[in-house]
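Note sheet for the following structure.
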Amino acid sequence: MLPAPLRLLRPGDWAKNVFVLVPLVFWLAGEGRGAQPEQIAEQLWHVALTVIAFSMAGSGFYAVNDALDFEEDRKHPTKRRRPVASGAITPQFATTMGIALIIGSIAVAWCVRPAVLAVIGTYIVLQVAYNAKLKRVRLLDVLTVASGFVLRAIAGALALGIAVSTWLVVVVFAFTLFLGFVKRLGDLRAADMARAQGDSTDWKPRAGYNSTEDLNWLLATTGAVTMMAYLVYSLSDHARGIFGVRATGFALLAPLVFVVIHRLYLRANSGRAESPVTVVLSDRSALAASLLFAVGVLVVLFWPPAETALGTLFK
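In the working numbering, the protein residues as written are 9 to 323.
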């Protein structure tokens, strides 16, 4: 097991910053195809700093949030094992570490571009509002979390100095809304199952998510919207204009997206979805589908024979 101070930062959740990298992949496959090595290296450096900034800010707010909610977390069957809730770290230490990381994220973002600094600033304000009030307001809590992911994608584009794609915002927002409801349902199911097994936990959802039926409906809706937005973008003139026939390859990868969504849905209903990242890493089907999707995107965008094959099949 990782040391308590490191677990406080939830390094596994740094994987969420993959959304910062999406614009980079698209840039390399589009505008950056003929870029010089020096320009590519500079862009990679800017994106790397942006990932570091968001990792620091995210970990900082996790630490502060755990310090604020440790008494409530002690009532939950799985959250009680978090460093602050378990007593391994004091709330004061967690708060101090969190604030230091948040300030550090501002310094790192300042080294990239003013626009990225502005996005990090917006993210920090959003997280302060979330911790102060919004995390206890039904629907607004998940909308706020999803907005944080959208800001990551926007920051990735701004770090490269390119325009922000509306389609990217739509797909990321829909998918991360789904992830937010996965976590809410997973928390509720875990508490229900613990009580059914005789656990005396009296944990209650802070934002009032008391109905698994409602959460399942929200999961079905956001999952369907995610699939629809992904497919519409893959077949859109906008994608064709950037990637040519390679955009059709995105549509061919849609079944893998469906597998990930389906596995997350099942794990949430089983009460084993404290973190979507943990689910993907621990569920063989979800992990395999995610890796195949990532490899598929790289093949479609950067392997010339794939482009030739797509051009032959889908003229």
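Built from N, CA and C at the ideal position, the CB exists for glycine as well.
Taking the straight line between their C-alpha atoms, what separation do you get for residue i and residue j?
i      : j      : result
Ala317 : Gln100 : 59 Å
Phe266 : Ala198 : 24 Å
Met105 : Glu79  : 19 Å
Gly38  : Phe310 : 10 Å
Leu10  : Val288 : 20 Å
Trp53  : Pro284 : 28 Å
Val268 : Pro122 : 36 Å
Lys87  : Leu134 : 23 Å
Val55  : Ala96  : 34 Å
Trp225 : Leu147 : 13 Å
Ser67  : Thr220 : 29 Å
Arg248 : Trp35  : 14 Å
Lys141 : Val150 : 13 Å
Asn139 : Phe69  : 8 Å
Met236 : Thr98  : 45 Å
Ala228 : Gly304 : 26 Å
Which residues in the same chain have their Cβ closer than 7 Å to the Cβ of residue i, if we skip the five residues on either side of it in sequence?
i      : result
Leu7   : Residue 7 lies beyond the range of the chain shown here (9 to 323); nothing can be said about it.
His246 : Trp175
Asp291 : Arg271, Arg275
Val307 : Ala314
For residue i, which residues of its own chain have a beta-carbon under 6 Å away from its beta-carbon, when the five flanking residues on both sides are left out?
i      : result
Leu321 : none
Thr234 : Ala182, Phe183, Phe186
Ala276 : Val190, Leu193, Gly194
Val59  : Asn25, Val28
Trp22  : Ser63
Leu264 : Ala297, Leu300, Phe301
Of all the options the options, which has the alpha carbon lying nearest to the alpha carbon of residue i?
i      : options                        : result
Ala49  : Leu239, Leu168, Phe186         : Leu168
Ala262 : Asp21, Ala276, Ala232, Thr184  : Ala232
Ala71  : Ile60, Ala154, Thr58, Arg90    : Arg90
Val124 : Ala302, Ala140, Glu46, Ala171  : Ala171
Thr256 : Ala43, Val179, Val116, Glu315  : Glu315
Asn73  : Ala137, Val303, Ile250         : Ala137
Gln51  : Ala259, Gly164, Tyr241         : Gly164
Ala93  : Val305, Leu76, Ala126          : Leu76
Ala154 : Pro19, Val33, Ser242, Thr230   : Thr230
Leu260 : Tyr273, Val145, Ile250, Tyr241 : Tyr241
Ser173 : Val30, Ala12, Pro19            : Val30
Asp200 : Leu243, Ser278, Arg254         : Ser278
Arg15  : Gln44, Pro85, Ala102           : Ala102
Ile250 : Val33, Tyr131, Pro85           : Val33
Report all residues from its chain with a CB closer than 8 Å to the CB of residue i; omit the five preceding and five following residues, and keep chain order.
i      : result
Val177 : Val158, Ala161, Ile162
Next on the checklist: My parser needs the alpha helix (DSSP H) runs of 4 or more residues fully inside the stretch 137-184; what are they?
Outcome noted: 148-168
Item to check | Complete alpha helix (DSSP H) runs within the stretch 44-113 (minimum length 4 residues, chain order) | outcome: 45-81
Item to check | Segments assigned alpha helix (DSSP H), at least 4 residues, entirely inside the stretch 225-251 | outcome: 245-251
Next on the checklist: List, from N- to C-terminal side, the alpha helix (DSSP H) runs of 4 residues or more that fit wholly inside the stretch 295-322.
Outcome noted: 312-321
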